[in-house]
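Chemist:
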Amino acid sequence: MTVSMRVMSAGDGYKYLLRTVAAGDGDRSLSTPLTRYYAEQGSPPGRWVGQGLVGIGAGQLSTGDQVT
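Per numbering that gives the first Met the number 0, the sequence shown starts with residue 0, numbered consecutively.
#1: How far does the alpha helix (DSSP H) with D68 in it reach, from first residue to last?
#2: Could you compute how far the alpha carbon of M4 sits from the alpha carbon of Y13?
#3: Put T1 into one of helix, strand or coil per three-state DSSP.
#4: Specify the secondary structure class of R35 as computed by DSSP and reduced to three states.
Next up, the structure:
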């Protein structure tokens, strides 16, 4: 187990409370793209990344072909 120690002064105490305790008071559920991604329902639309699409368009792949 690891324990970290920090020196705190009266001037920094409010910052600690705002970062750790009061952070849950606001609605920050959709504050980043990653949280929006996981909070949305359903599956997002897919997108193809790579050169494999060229092979599909050229007729090299057909229904039932094994792709590895």
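All C-beta atoms in this analysis are idealised placements derived from N, C-alpha and C, irrespective of residue type, glycine included.
Since we're looking at a predicted model, the values are computed, not measured.
Modeler: In terms of the structure at hand:
#1: For the chain, the structure presents residues 0 to 67; residue 68 sits outside this window and is missing.
#2: When only Cα atoms are considered, M4 and Y13 end up about 17 angstroms apart.
#3: coil
#4: The answer is helix: DSSP assigns R35 an H, G or I state.
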